[in-house]
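Novice: For reference, the structure I am asking about is given below.
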Amino acid sequence: MGRARRRRRRRLQQVAEVPARQHDRSLIASDWSPVSVSLTHSAPADPTTHHRVLGTTIAYDQDYAGIVLYAADLNASNTLADPLLRTYARQFLQSLPAHRESPLPQHVRGIIEVLLPTGRCTIQQVARTLDVDVRTVQRHLARTGDTYSPLLEAVRADLAQRYVTRLDRPLTEVAELLGFSALGTFSRWFHTRFGSSPTAWRAAVRTDSVGSITAHY
2 MGRARRRRRR RLQQVAEVPA RQHDRSLIAS DWSPVSVSLT HSAPADPTTH
52 HRVLGTTIAY DQDYAGIVLY AADLNASNTL ADPLLRTYAR QFLQSLPAHR
102 ESPLPQHVRG IIEVLLPTGR CTIQQVARTL DVDVRTVQRH LARTGDTYSP
152 LLEAVRADLA QRYVTRLDRP LTEVAELLGF SALGTFSRWF HTRFGSSPTA
202 WRAAVRTDSV GSITAHY
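For the sequence shown, the working numbering assigns the number 2 to the initial residue and increments by one for each residue that follows.
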């Protein structure tokens with residue numbers, strides 16, 4: 002029963018993602034593509050259809066389902082816009098209760114998670130995604146005592162522990178999701194960070210002794 006529910010949830014998620022991307026294309030440009038697409042389910046055996054419909058930058062087994070796009074895309078002219086509805090739309094938005102925006106460092110962390118698998122997780126790319134300059138990102142991070150490189154490493158370490166603990170996920174895939182071009186590079190980074198190889202960490206998970214392995218910060 003639980004498996005059937007998961008399959009149904011997966012189908013519903015895909016049904017929702019496809020029209021969302023097609024809708025964005027109709028509003029922005031026919032050749033538009035998102036920065037990335039996140040899905041909560043695992044990668045299919047044959048991702049051809051996913052790549053054709055959603056693009057090739059897809060992150061599976063994520064904590065949320067969504068499409069990431071550049072902030073500048075939100076400012077693109079809507080070719081389907083009706084000028085007569087603009088006033089009503091503005092009045093509606095003004096009637097909504099005010100809400101506190103999440104601090105920029107929190108946005109940066111989320112963007113890092115999404116960009117890591119793309120291999121383009123630089124502060125320049127993060128700034129571009131937020132539609133701000135690099136100095137703005139650095140300034141906001143400094144207010145919370147952060148700088149970009151340590152934050153990137155912290156996010157990568159958090160994800161590494163989560164992914165390696167998933168015994169059904171190949172380590173080569175884990176390496177790619179964390180932005181490493183080769184498994185060997187990832188393994189060396191993991192050992193430096195946690196004092197254990199990914200294989201040993203995973204073996205410890207199997208024997209419920211992962212708590213005996215501590216991270217080296």
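All residues carry an ideal CB built from backbone N, CA and C; glycine is no exception.
1. Looking at R110 and L152, is the spacing between their C-beta atoms short of 8 Å?
2. Look at L168 and R207 and say whether their C-beta atoms are less than 8 Å apart.
3. Within a Cβ cutoff of 6 Å, which residues of the same chain sit near G180, ignoring the five residues on either side of it in sequence?
4. Run through the DSSP bridge pairs and tell me what S39 is partnered with.
5. Quick check on this structure: which residue in A72, I112, T166 has the alpha carbon closest to the alpha carbon of S39?
6. Would a C-beta distance cut-off of 8 Å place Y164 and V156 closer than the cut-off?
7. Assign P171 to buried or exposed, taking buried as 16 or more other Cβ atoms, counted over all protein chains shown, within 10 Å of its Cβ.
8. Rounded to a whole number of angstroms, what is the C-alpha to C-alpha distance between H42 and D159?
9. Could you name the residues of the same chain whose beta carbon sits closer than 8 Å to that of D134, not counting the 5 residues immediately before and after it, in chain order?
10. Do you know offhand how far A46's Cα is from Q125's?
11. Helix or strand or just coil, what does DSSP make of D47?
12. Can you tell me where the alpha helix (DSSP H) holding L142 begins and where it ends?
13. Taking the continuous alpha helix (DSSP H) assigned at R189, which residues delimit it?
14. How many angstroms separate the CA atom of V69 from the CA atom of T58?
Specialist: Reading from the atomic positions:
1. To locate residue 152, count along the sequence shown from 1; it is residue 151. To locate residue 110, count along the sequence shown from 1; it is residue 109. Contact flag set, yes.
2. Position 167 of the sequence shown, counted from the first residue, corresponds to residue 168. Position 206 of the sequence shown, counted from the first residue, corresponds to residue 207. Yes, the Cβ-Cβ distance between L168 and R207 is below 8 Å.
3. Along the sequence shown, one-based indexing puts residue 180 at 179. For G180, where only same-chain residues beyond five positions count, the Cβ hits under 6 Å are L117, G120, C122.
4. Within the sequence shown, the letter at position 38 stands for residue 39. Answer is A60, G67, bridged to S39.
5. What you label residue 39 is simply residue 38 of the sequence shown in a count that begins at 1. Comparing Cα positions, the closest option is I112.
6. By one-based count along the sequence shown, residue 164 stands at place 163. By one-based count along the sequence shown, residue 156 stands at place 155. Contact: no.
7. The residue given as residue 171 occupies position 170 in the sequence shown. P171 should be labelled exposed.
8. Counting from 1 along the sequence shown, the entry for residue 42 is found at position 41. Counting from 1 along the sequence shown, the entry for residue 159 is found at position 158. The alpha-carbon atoms of H42 and D159 are separated by roughly 19 Å.
9. Locating residue 134 in the sequence shown gives position 133, counting from the first residue. Answer for D134: A128, listed in chain order.
10. Residue numbering aside, residue 46 sits at position 45 when the sequence shown is read from its first letter. Residue numbering aside, residue 125 sits at position 124 when the sequence shown is read from its first letter. If I take the Cα positions, the gap works out to 34 Å.
11. Stepping through the sequence shown from its first residue, residue 47 is reached at position 46. The answer is coil: DSSP assigns D47 none of H, G, I, E or B.
12. Here residue 142 is taken as the residue at index 141 of the sequence shown, counted from 1. L142 -> alpha helix (DSSP H) spans 135-144.
13. For the purposes of this step, residue 189 is identified with residue 188 of the sequence shown, where counting begins at 1. Segment 184-195, the alpha helix (DSSP H) holding R189.
14. Against the sequence shown, residue 69 aligns to sequence position 68. Against the sequence shown, residue 58 aligns to sequence position 57. Spanning the two alpha carbons is a distance of roughly 10 Å.
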